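A.B. asks: What follows is a structure written as structure tokens; I'll ask about it next.
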Ligand SMILES: Nc1ncnc2c1ncn2[C@@H]1O[C@H](COP(=O)(O)OP(=O)(O)O)[C@@H](O)[C@H]1O
Ligand SMILES: [Mg+2]
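Residue numbers (the UniProt record's numbering): 1 to 431.
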């Protein structure tokens with residue numbers, strides 16, 4: 001059975017990167033220069049220089065495959081950018097290095113056991129880069145002939161294609177005809193057809209047709225007619241996570257008497273074989289567990305064991321608690337409270353992101369509120385105050401709009417469930 005393990009393609013790709021946007025949508029990276037030094041204000045990132053630099057160094061080690069199986073703790077008070085830095089890391093990693101982000105509370109779901117949820121998160125964070133040979137057809141289209149029955153129900157066709165050395169005629173099935181039509185392929189186009197998937201790619205117009213004015217647009221790209229064989233083998237590389245391989249194989253094997261744990265063992269040893277044979281490369285990615293103080297002892301002992309496994313990602317945890325239990329085993333990145341200048345910059349960036357104008361006075365008030373409460377609370381006020389301002393048809397948020405928003409949020413407190421960083425009871429407005 002292990003011989004048929006399939007790796008599928010990109011259909012499940014989107015699961016690996018759970019994107020949490022909203023509050024962090026302004027973060028586009030870590031804002032580091034080529035030497036991994038933090039820029040003062042770049043890619044939506046401001047201040048917290050040491051932690052950003054440390055995050056950049058860790059990413060570099062991940063990319064070089066030098067740090068798998070290690071755990072890192074981002075420790076610091078609420079609203080000091082722990083999650084933001086993790087988002088920046090995710091955006092900095094190449095698209096085929098997996099980055100998985102979970103909140104510890106997600107582990108306690110009703111449908112999965114804690115260890116199964118963590119196992120899945122681990123396996124989403126390990127990539128397998130697989131090299132495969134596929135057959136392609138590459139050449140210049142000489143003639144494309146499609147015959148359609150009167151009702152349009154049946155289609156047949158012939159594709160004549162050539163290189164500088166040969167010419168071949170292929171019979172076309174339904175799907176191929178649709179694919180060629182979708183790409184608007186006509187005689188004189190140089191195309192590649194992937195035989196396994198039927199995917200058609202247009203490379204451009206053949207130089208030999210550069211005088212065919214009517215078939216050209218302003219942006220027509222001209223290419224040489226290929227030489228050699230029309231049909232060739234080509235190496236393609238794609239990356240899937242271990243979790244994706246699990247999902248595909250548990251689906252295709254249906255009701256077999258093999259447990260999930262057995263299936264995973266088989267997949268691991270198959271992947272190991274591929275690695276030996278040079279067909280695959282293991283890419284340990286990053287698993288980010290936010291609010292990690294929510295995990296219980298059982299989860300931590302699972303994490304400890306899982307990190308010792310041969311196939312382990314790097315695990316980054318974030319917490320605003322002491323975490324004495326794990327502190328001595330992990331690398332620690334600390335985040336610190338922001339200086340008012342940093343806070344002001346971050347508020348400005350968020351206002352740009354949300355397309356909101358603040359008066360000078362309200363910027364100063366919001367900055368001082370952030371210092372007294374949390375940055376997150378202050379940033380949350382922006383959109384609320386903007387609605388208040390728009391109601392009175394003003395084009396900038398003033399101090400009174402902020403005051404009303406604070407009032408409104410306080411009133412909502414009774415009816416809504418806030419997280420631990422709910423608006424403090426007594427927000428003082430210093431003006
Ligand atoms: N250094 C920073 N640069 C830009 N935005 C930041 C920075 N630090 C925090 N933020 C933003 O401030 C808010 C609170 O930060 P967050 O990352 O949620 O803090 P934590 O996870 O430490 O509690 C978020 O909207 C975040 O995107
Ligand atoms: Mg956070």
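Cβ coordinates follow ideal geometry from the N, Cα and C atoms, glycine included.
From a predicted model like this one, the values you see are computed outputs, not experimental measurements.
Between residue 367 and the rest of its own chain, which residues show a CB-CB distance below 8 Å, the 5 nearest in sequence each way excluded?
C.D. replies: Within the chain shown, residue 367 is the residue found at index 367, counting from 1. Once the five neighbours on either side are set aside, the close Cβ partners of residue 367 are 340, 343, 344, 347, 378.
A.B. asks: Per DSSP, what are the beta-bridge partners of residue 41 in this structure?
C.D. replies: In the chain shown, counting from the first residue as 1, residue 41 sits at position 41. Answer by DSSP bridge pairing, in chain order: 46.
A.B. asks: Exposed or buried, what is residue 405 when buried is set at 16 or more other beta-carbons lying within 10 Å of its beta-carbon?
C.D. replies: Here residue 405 refers to the residue found at position 405 of the chain shown. Buried: at least 16 other Cβ atoms inside 10 Å.
A.B. asks: From the DSSP output, which residues share a beta bridge with residue 288?
C.D. replies: In the chain shown, the residue the question calls residue 288 occupies position 288. BP columns for residue 288 point to 101, 316.
A.B. asks: Roughly how many whole angstroms lie between the Cα atoms of residue 302 and residue 375?
C.D. replies: Taking the chain shown and counting its residues from 1, the one referred to as residue 302 is at position 302. Taking the chain shown and counting its residues from 1, the one referred to as residue 375 is at position 375. If I take the Cα positions, the gap works out to 34 Å.
A.B. asks: Just how far apart, CA to CA, sit residue 128 and residue 237?
C.D. replies: In the chain shown, the residue the question calls residue 128 occupies position 128. In the chain shown, the residue the question calls residue 237 occupies position 237. Those two C-alpha atoms are separated by around 10 Å.
A.B. asks: Can you check which of these residues, 305, 334, 329, is closest to residue 318 by C-alpha distance?
C.D. replies: On the chain shown, residue 318 is found 318 positions in, with the first residue counted as 1. Nearest C-alpha to residue 318: 334.
A.B. asks: Look at the alpha carbon of residue 322 and the alpha carbon of residue 307, and state the distance between them as a whole number of angstroms.
C.D. replies: On the chain shown, residue 322 is found 322 positions in, with the first residue counted as 1. On the chain shown, residue 307 is found 307 positions in, with the first residue counted as 1. Cα to Cα, the separation comes out at about 21 Å.
A.B. asks: Report the rounded CA-to-CA distance for residue 69 versus residue 242, giving the unit in angstroms.
C.D. replies: Along the chain shown, read from residue 1 onward, the residue named residue 69 stands at position 69. Along the chain shown, read from residue 1 onward, the residue named residue 242 stands at position 242. Going from the Cα of residue 69 to the Cα of residue 242 covers about 16 Å.
A.B. asks: Using beta-carbon positions only, say whether residue 466 and residue 185 come within less than 9 Å of one another.
C.D. replies: Summary: the structure shown does not reach residue 466, with the chain confined to residues 1 through 431, and so no result is reported for it.
A.B. asks: Tell whether a beta-carbon distance below 9 Å holds between residue 211 and residue 189.
C.D. replies: Working through the chain shown from its first residue, we reach residue 211 at position 211. Working through the chain shown from its first residue, we reach residue 189 at position 189. No.
A.B. asks: How about the segment 310–317 and the segment 67–83: do they share at least three Cβ pairs that are nearer than 8 Å?
C.D. replies: The segment 310–317 vs the segment 67–83: in contact.
A.B. asks: Determine the direct distance from the alpha carbon of residue 288 to that of residue 362, and round the result to whole angstroms.
C.D. replies: In the chain shown, counting from the first residue as 1, residue 362 sits at position 362. In the chain shown, counting from the first residue as 1, residue 288 sits at position 288. Each residue's Cα considered, the two are about 35 Å apart.
A.B. asks: Does the structure place the segment 101–113 close enough to the segment 151–159 that three or more beta carbon pairs sit under 8 Å?
C.D. replies: The segment 151–159 is not in contact with the segment 101–113.
A.B. asks: Is residue 376 near ligand 1, with its Cβ less than 8 Å from a heavy atom?
C.D. replies: If you number the chain shown from 1, residue 376 lands on position 376. Flag set: Cβ of residue 376 near ligand 1.
A.B. asks: Since residue 137 and residue 195 are thought to touch, with beta carbons under 8 Å apart, how far apart are those beta carbons, to the nearest angstrom?
C.D. replies: Residue mapping note: residue 137 aligns to position 137 of the chain shown, counting from 1. Residue mapping note: residue 195 aligns to position 195 of the chain shown, counting from 1. Confirmed, about 6 Å.
A.B. asks: Run through the DSSP bridge pairs and tell me what residue 148 is partnered with.
C.D. replies: Within the chain shown, the letter at position 148 stands for residue 148. For residue 148, which the question treats as bridged, DSSP gives the partners 155.
A.B. asks: Taking 8 Å as the threshold, find out whether the segment 163–178 comes into contact with the segment 116–127 through three or more Cβ pairs.
C.D. replies: Too few Cβ pairs lie closer than 8 Å, so no.
A.B. asks: Please report how far the alpha carbon of residue 401 lies from the alpha carbon of residue 115, in whole angstroms.
C.D. replies: Counted from its first residue, the chain shown places residue 401 at position 401. Counted from its first residue, the chain shown places residue 115 at position 115. Near 47 Å, if we compare the C-alpha coordinates of residue 115 and residue 401.
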